[in-house]
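Chemist:
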Amino acid sequence: MKGDPFSQDVYSMCKRIPYGRVTTYGLIAQSLGKPQSARLVGWTLNQCPVNIPAHRVVNRLGLLSGKDYFEAPDLMAQMLQSEGISIIKNKIQNFEKVLWIPK
DNA sequence: AAATGGGCTACCT
DNA sequence: AAGGTAGCCCATT
Numbered sequence: 324m325k326g327d328p329f330s331q332d333v334y335s336m337c338k339r340i341p342y343g344r345v346t347t348y349g350l351i352a353q354s355l356g357k358p359q360s361a362r363l364v365g366w367t368l369n370q371c372p373v374n375i376p377a378h379r380v381v382n383r384l385g386l387l388s389g390k391d392y393f394e395a396p397d398l399m400a401q402m403l404q405s406e407g408i409s410i411i412k413n414k415i416q417n418f419e420k421v422l423w424i425p426k
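Okay, so the first sequence: first residue is 324 according to the numbering used here, each after it adds one.
#1: Could you have a look at G420 and say whether DSSP puts it in helix, strand or coil?
#2: Could you tell me the distance, in whole angstroms, from the CA atom of I424 to the CA atom of H378?
#3: Hey, which unbroken runs of the alpha helix (DSSP H) at 4 residues or more fall wholly within the region 345-376?
#4: Within the continuous alpha helix (DSSP H) that includes M324, where are the two ends?
#5: Which of the three DSSP states is assigned to L387 in this structure?
#6: In this structure, does DSSP put K426 in helix, strand or coil?
Next comes the structure, spelled out in structure tokens:
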């Protein structure tokens with residue numbers, strides 16, 4: 324858990340992701356005014372407290388790049404599926420449909 | 001202090 | 001269309 328403003332922004336942004344939708348690291352970075360810091364967002368979320376729905380954040384291809392960081396290997400996928408998102412082999416289906424653009 | 005590597009991306013083969 | 005390279009910014013060695 325980090326306390327700097329950027330991390331806080333990342334956290335609050337994640338909390339704003341609607342149920343059943345996802346977004347990407349890059350978009351979050353961008354919406355925070357740091358388009359080059361997608362990786363930072365990744366790192367930050369890696370460290371994120373449990374109350375943040377980090378499972379709703381994927382890479383720009385709709386791949387569950389972060390699933391290895393969850394308790395169980397497929398926890399991330401399961402959570403997403405339980406929200407109505409279909410996932411096949413780490414890849415979100417209808418990515419464009421469930422993608423949420425931060426604003 | 002410098003190099004390496006990551007929950008990334010955008011370009012360039 | 002798929003794979004390699006180069007910037008990105010921080011954390012860890």
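For every residue, glycine included, the Cβ atom is placed at its ideal position computed from N, Cα and C.
Modeler: Looking at the atomic coordinates:
#1: The amino acid at residue 420 is misidentified as Gly; the sequence shows Lys. K420 falls in the helix class under three-state DSSP.
#2: 16 Å
#3: 348-354, 361-369
#4: M324 -> no alpha helix (DSSP H), and no H or E assigned at all.
#5: coil
#6: coil
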